[in-house]
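Engineer: In the working numbering, the protein residues as written are 1183 to 1523. Cβ coordinates follow ideal geometry from the N, Cα and C atoms, glycine included.
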Amino acid sequence: MTAAEQHHRPSAGHGTPDELTHALGSAARCRAPWLGLADTEAIVDVAGAMTVAGDDRDALDLAGQLGAAVDAVQERARTVFPDSGTRSLSWSAFGTVIPVLAGSAGAGASCIAVAITDALQQAQRCALLVDADDPARSGLTCASTNDGPWVKRVGDEVSVRYSWRDDALVARLSTELPTITPGMVPAPPDWLPDPPPDPLQATVIDLGHGGWRAAATPLYGAGAWLRRGLPSPHPILVVRATRPSLRQAEQLLARLEPWVDRGVATGVQQLVVNGARKWPSGVTGVAGPRMAALLDDAVFVPHQAGWGVAGVTDEPSPPRAVEALWPFLASWGLMPSPRRP
1183 MTAAEQHHRP
1193 SAGHGTPDEL
1203 THALGSAARC
1213 RAPWLGLADT
1223 EAIVDVAGAM
1233 TVAGDDRDAL
1243 DLAGQLGAAV
1253 DAVQERARTV
1263 FPDSGTRSLS
1273 WSAFGTVIPV
1283 LAGSAGAGAS
1293 CIAVAITDAL
1303 QQAQRCALLV
1313 DADDPARSGL
1323 TCASTNDGPW
1333 VKRVGDEVSV
1343 RYSWRDDALV
1353 ARLSTELPTI
1363 TPGMVPAPPD
1373 WLPDPPPDPL
1383 QATVIDLGHG
1393 GWRAAATPLY
1403 GAGAWLRRGL
1413 PSPHPILVVR
1423 ATRPSLRQAE
1433 QLLARLEPWV
1443 DRGVATGVQQ
1453 LVVNGARKWP
1463 SGVTGVAGPR
1473 MAALLDDAVF
1483 VPHQAGWGVA
1493 GVTDEPSPPR
1503 AVEALWPFLA
1513 SWGLMPSPRR
1523 P
């Protein structure tokens, strides 16, 4: 901490919850003056909880450390990834970019992301599976048998760790910090290993719990995977065949819509309905205008009991799930069509 930061560091004497919140936010912004609301809230939540729990670490020091980690990742992002929404990006190094968004809680986006990756492997395609979620909340924790030894440092506190899922490369965040805030998620170029796979034919990104935030801010963090570019990304929205899921997904699309209209982000290209063979009676009637536009071409992935009990494991995805996803992947030129057993 510099002398100036020490001078402006808030006092540790905070009596009320409001005073504690203000002090922690100020400590974080001392290390990252431009810190956004989402990052500030996440930092205050974690540091505040440790204070209440009587953690030995100084909460103000922790808030400052987290703020500095965000600043380091974003400073690097500005050098490797343009932040101008008017500039079309080049996605050629990633092959076909497939961001997977969860339309609602428990939609099973991680399961679908892995099933897509496994389908690509079956078609002998080189694939990178990116886990853009906080490791503590990730649905891909068990996607590989072991965490690989290969690490690419993005800052002093955040790294990308590479593992194998059969022949697919899995990239996950690695940190000793108690949380990953939205601004700590590396820019897309920092997810590529050095040297990158050649040729890399597809990159599948599980946006996980960050999908709601990603749809609101596709300028940085996990949302950057939704940025407009060439070749155009193919975002997928995963929902359940329920009324609440369709209502929540409509709100996510509404958050993304202004960015799509401005030419900053790419709109959802495919709707996947997880855990059903068809729409139950009365469900689609609640779909808003944005969801209604996706209903006719929806792909249904039948219920998989293993996913419901264990989630994603290092075992291959259920064959019926892979079969269901194959046709639209073939329509994007990623698979042979029709599939032959």
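1. For residue 1492, which residues of its own chain have a beta-carbon under 6 Å away from its beta-carbon, when the five flanking residues on both sides are left out?
2. Let me confirm a value: residue 1456 is counted as buried when at least 16 other C-beta atoms fall within 10 Å, else exposed. Which label applies?
3. For residue 1346, does the three-state DSSP call read helix, strand or coil?
4. Using the three-state DSSP reduction, which class does residue 1281 fall into: helix, strand or coil?
5. If we ignore side chains and look at the alpha-carbon of each, how far apart do residue 1473 and residue 1417 end up?
6. Starting from residue 1303, trace the beta strand (DSSP E) both ways and give me its first and last residue.
7. For residue 1199 and residue 1252, what's the separation of their Cα atoms in angstroms?
8. For residue 1242, count neighbouring C-beta atoms within 10 Å of its own C-beta (all shown protein chains included) and say buried if the count is 16 or more, exposed if not.
9. Taking the alpha carbon of residue 1273 as the point to measure from, which residue in 1423, 1471, 1464 and 1386 has its own alpha carbon closest?
10. What did DSSP end up calling residue 1543 once you bin it into helix, strand or coil?
11. So is residue 1497 buried or exposed if we call it buried at 16+ other beta carbons inside 10 Å?
12. Whose CA, out of 1395, 1343, 1248 and 1311, lies closest to the CA of residue 1382?
13. Rounded to whole angstroms, what's the CA-CA distance from residue 1346 to residue 1335? Just pull it up for me.
14. Which residue wins for smallest C-alpha separation from residue 1450, given the options 1444, 1435 and 1443?
15. Residue 1354 by DSSP, collapsed to three states: which one?
16. Count the other CB atoms within 10 Å of the CB of residue 1211; is the residue buried (16 or more) or exposed (fewer)?
17. Give every residue of the same chain whose Cβ lies closer than 8 Å to the Cβ of residue 1222, excluding the five residues on either side of it in the sequence, and list them in chain order.
Structural biologist: With the structure as the only source:
1. Reading the sequence shown from its first residue, position 310 is the one you call residue 1492. Nothing listed; no residue qualifies.
2. Taking the first residue of the sequence shown as position 1, residue 1456 is located at position 274. Its Cβ being crowded by 16 or more others within 10 Å, residue 1456 is buried.
3. Numbered from its first residue, the sequence shown carries residue 1346 at position 164. Reduced to three states, the DSSP call for residue 1346 is strand.
4. Residue numbering aside, residue 1281 sits at position 99 when the sequence shown is read from its first letter. Residue 1281 falls in the strand class under three-state DSSP.
5. Position 291 of the sequence shown, counting from 1, holds the residue named residue 1473. Position 235 of the sequence shown, counting from 1, holds the residue named residue 1417. Approximately 14 Å, taken between the alpha carbons.
6. Residue 1303 sits at position 121 when you count from the first residue of the sequence shown. No beta strand (DSSP E) holds residue 1303; the alpha helix (DSSP H) holding it covers 1291–1304.
7. For the purposes of this step, residue 1199 is taken as residue 17 along the sequence shown, with counting starting at 1. For the purposes of this step, residue 1252 is taken as residue 70 along the sequence shown, with counting starting at 1. Rounded to whole angstroms, residue 1199 to residue 1252 spans 24 Å at the Cα level.
8. Here residue 1242 refers to the residue found at position 60 of the sequence shown. So residue 1242 ends up on the buried side.
9. As a first step, residue 1273 is located in the sequence shown; it is residue number 91 there, counting from the start. When each option's Cα is compared against that of residue 1273, the closest is 1386.
10. Given that the chain is displayed from residue 1183 to residue 1523, the structure contains no residue 1543 and the question cannot be resolved.
11. Here residue 1497 corresponds to residue number 315 of the sequence shown, with the count starting at 1. Burial call: exposed.
12. Numbered from its first residue, the sequence shown carries residue 1382 at position 200. Nearest C-alpha to residue 1382: 1311.
13. Indexing the sequence shown from 1 puts residue 1346 at position 164. Indexing the sequence shown from 1 puts residue 1335 at position 153. About 18 Å.
14. The sequence position of residue 1450 within the sequence shown is 268, counting from 1. When each option's Cα is compared against that of residue 1450, the closest is 1435.
15. Position 172 of the sequence shown, counting from 1, holds the residue named residue 1354. Note: residue 1354 maps to strand in three-state DSSP.
16. Here residue 1211 refers to the residue found at position 29 when the sequence shown is read from its first residue. Of the residues assessed, residue 1211 falls on the buried side of the cut-off, its CB having 16 or more other CB atoms within 10 angstroms.
17. Indexing the sequence shown from 1 puts residue 1222 at position 40. Closer than 8 Å at Cβ, skipping near neighbours: 1207, 1210 and 1211.
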